[in-house]
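Residue numbers (mature numbering (1 follows the signal peptide of the UniProt record, and there is no 0)): -30 to -1, 1 to 721. Ideal Cβ positions, reconstructed from N, Cα and C, are used throughout, including at glycine. What follows is a short report on a single structure.
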């Protein structure tokens, strides 16, 4: 059905979709004619809800949304509006109609009802095929502050957000729990768990978006999860992740005549609801579709996406609001993020001395004193200070998700206009390339880095999608291989992280994926995709792994991994040896000693498009208790690879023209007052090529020491030769020759 709709013009597809949905509903009703109709449940709850709505002021009306459910009450249907492309328009129609208590919405269809699911609980059923339906119910919150969003809460029945409760209170109804969340003052309430049996209401400052990937959103009996839509998220600096090959079946808003992808993105960030995904030109030319849903909020919906080749959905990855507080003796950078942050924020070049470690927080800051040498705050001129800051998500390594921030504070005592500009655009040129091979006697195995297509690459930078491949050179070899204990080590102070554990399972899917057989390689090539990364203290990253050959084949290990949506699933990885095959070929004998040669290549960028490659041969020894035939099959091969990778933070030096432009206040202005009535100019921009000062100082020191050693050695040799000549006696020949020269020069005549 959806393939046909994709081929139709966009203006026709909503009506075709309405016809398909109507046909499905009629078939469903035909199948249910023999079933008894659920009787209405007229109870006190119904009476209170009905009277509450009738006397509710217009500005106190609110709505509650339920995804994946449809309300069936044909006798109470007020109106049906095909061609409705906005969920907000559908809700507004119900808001203006005093008789309306609930609506069903699908993309292109809005149906209004004079009753709701609280009156007829049995009339609310799941509806996920061919598209999932959105059920919206009208509520009244008399004691709460105004919420300018289209709906106040989204309800998920049978689920809870576990482990993030901030307050707990027993209430009478679900609406009371929602009001408790909206009236909370000590923290921004983002969600609540309501137990409809005990009346327990647990409110939290987290929701499904902020804790995505933690596994906290899980099924729970007799519990309803209530997610607030009235909270404000950071929307200034946002990153979207592209998901290829699929689009949502149902969206909240459809816009036509949208010119560019950036325009569609702006519509999402300024939507009257918390927009978390959009797609562009996948259902028609210049068509932009928005949704408050993302993969993390659709785990309870079966097949919410429509798979279409060439289509893409852009999901909101993270957003940041950055503010700079310029004070008399220091500056404070404050960050608000849309996802729970575990990492650190530090001054560029000082990840261990000027740093603030953050644990499970949505708001964090770093304070940098002007006279603190560790924070490297520079005084540009008499009234301007500048430094660079890095927001690092992983505790040990720099990844593509990290941000670089160049912050500036300018103090203008003449009370002129001020400027506040934040620019976190991160650019960087690829600086290094790597290719490493480890050669063993049987079989010959190489380790190399390739791009997504499997082609060798010559350069890479932080965030590039790469593949780490282990290949048997001879494709006709009877062996297969598996890899385990893959670690990445810091070339500086010895920090390391494990990428594949002792079983061969990936430890962090966000950095490196599972090791799988490459298609068409007949099991001779293993590959794992990863995002290029580095350590904050060094540009050198060293990979080490243990590779074991299998005869005739390797058995994969089943790993429990957590995907990006926070769900635990099982995945194969070639990290467990099938030892039963070795028992037919290898027998135990006395101790023997084997040497394995491993080549280590260090690749360093020494100029533009110029690489300095230095290879070192390392003799690795391993002891074996096997026969000579077993010694020909190495039990484990240690593969080592060293690469220099630069981060993507392109901190560039500000030119004098830029300084003059800032001083003339040509940027947009925002006044920020400090104690004493002074005003400051706050500017943040990306600054230039980043120089490793530690490496530069070390290189200069080594050069000076080498020069001193050469001078001292030369001086010692010169003094030794001079002393030897002075102590050497004159020979007779030398004496005679000297006298002859003396007399020939006229010495007798002078006498």
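Whose C-beta lies closer than 8 Å to the C-beta of residue i among residues of the same chain, with five residues either side of it excluded?
i: residue 174; result: 131, 134, 135, 136, 159, 160, 161, 162 and 163
i: residue 48; result: 67, 69, 70, 82, 83 and 84
i: residue 257; result: -21, 224, 225, 226, 228, 250 and 251
Rounded to a whole number of angstroms, what is the C-alpha to C-alpha distance between residue i and residue j?
i: residue 722; j: residue 675; result: No answer is possible for residue 722: it lies beyond the span of the chain, which begins at -30 and ends at 721.
i: residue 522; j: residue 269; result: 41 Å
i: residue 45; j: residue 436; result: 59 Å
i: residue 464; j: residue 486; result: 29 Å
i: residue 197; j: residue 190; result: 15 Å
i: residue 213; j: residue 454; result: 30 Å
i: residue 128; j: residue 70; result: 27 Å
i: residue 434; j: residue 370; result: 8 Å
i: residue 495; j: residue 432; result: 25 Å
i: residue 226; j: residue 253; result: 10 Å
i: residue 327; j: residue 313; result: 6 Å
i: residue 368; j: residue 617; result: 7 Å
i: residue 670; j: residue 677; result: 11 Å
i: residue 610; j: residue 515; result: 7 Å
i: residue 73; j: residue 53; result: 15 Å
i: residue 34; j: residue 156; result: 24 Å
In the structure shown, what three-state DSSP assignment does residue i receive?
i: residue 159; result: coil
i: residue 673; result: helix
i: residue 183; result: coil
i: residue 477; result: coil
i: residue 432; result: coil
i: residue 694; result: helix
i: residue 488; result: coil
i: residue 516; result: strand
i: residue 309; result: strand
i: residue 152; result: helix
i: residue 189; result: strand
i: residue 496; result: strand
i: residue 34; result: strand
i: residue 681; result: helix
i: residue 272; result: coil
Quick check: residue i and residue j, are their CB atoms within less than 7 Å of each other?
i: residue 293; j: residue 332; result: no
i: residue 377; j: residue 359; result: yes
i: residue 271; j: residue 51; result: no
i: residue 193; j: residue 249; result: no
i: residue 217; j: residue 281; result: yes
i: residue 346; j: residue 317; result: yes
i: residue 449; j: residue 519; result: yes
i: residue 290; j: residue 207; result: yes
i: residue 361; j: residue 336; result: no
i: residue 243; j: residue 119; result: yes
i: residue 43; j: residue 178; result: no
i: residue 180; j: residue 309; result: yes
For residue i, count the other beta carbons within 10 Å of its own beta carbon; 16 or more makes it buried, fewer makes it exposed. Which is it?
i: residue 688; result: exposed
i: residue 517; result: buried
i: residue 168; result: exposed
i: residue 736; result: The chain is shown only over -30 to 721; residue 736 falls outside these bounds and no answer can be derived.
i: residue 374; result: buried
i: residue 38; result: buried
i: residue 124; result: buried
i: residue 490; result: exposed
i: residue -3; result: Only weak support is given to the placement of residue -3: the predicted model assigns it a pLDDT of 41, under 50, and the question is left unresolved by the model.
i: residue 27; result: exposed
i: residue 299; result: exposed
i: residue 121; result: buried
i: residue 681; result: exposed
i: residue 311; result: buried
i: residue 423; result: exposed
Under 6 Å Cβ to Cβ from residue i, same chain only, skipping five residues before and after it: list those, please.
i: residue 459; result: 466 and 512
i: residue 323; result: 344
i: residue 75; result: 57, 60 and 104
i: residue 529; result: 475, 541 and 543
i: residue 349; result: 355
i: residue 94; result: 39, 41 and 87
i: residue 24; result: none
i: residue 479; result: 531
Please list, in chain order, all residues of the same chain as residue i whose beta carbon is under 7 Å from its beta carbon, the five residues on each side excluded.
i: residue 170; result: 138 and 140
i: residue 221; result: 77, 259, 260 and 261
i: residue 238; result: 245, 248 and 260
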